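In what follows, a structure is listed as structure tokens, so that the remarks can point back to it.
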Amino acid sequence: MTADLVRKEFHFTASGMWTEATLADFSRALLAEAKPFYSEGIKMRVLGDLTGFVTQTREIAEGIRVVVQESARLGVVRTAIISDSQLATMQYKRINDGINLKVFDDKAQALAWLRND
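Oh and the sequence shown: position 2 is 59 in my numbering, straight run, nothing missing.
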């Protein structure tokens, strides 16, 4: 995870099959790394690289949905996701319905959209 305060961007990577412990660890790290943004009320854009991320269990998917909704409440205004799995993409879009989200095949396209005002 990296926070870029100049560009007002937050980048993360995630892959594989998650457990409750993986989700909890990710959530804690996300809150800690994004603190410079939300503690100052800075709106941010997120780039998530989900290459190798697989379709998750219903419980984990619900947990991810909660994390994303909380992130939106804390200031995420646009999210670009890179994915190499159609199934994972469909699940991610479904559980995150209602946020400004778009999925891409490559990083260059994702960043171009993310940074397009």
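Just so you know, even glycine gets a beta-carbon here, dropped at the ideal spot from N, CA and C.
Predicted, not measured: the structure shown is a model, and the values here were computed from it.
The alpha-carbon of Ala145 is positioned some 21 angstroms away from that of Val133. Between Leu104 and Leu171, the gap from beta carbon to beta carbon is short of 8 angstroms. For Thr59, the CB contacts under 6 angstroms within the same chain, skipping 5 residues up- and downstream, are His68 in chain order. Per DSSP, the beta-bridge partners of Ile138 are Gly105, Val160.
Take the alpha-carbon of Asp141 and the one of Gln166: they are about 14 angstroms apart.
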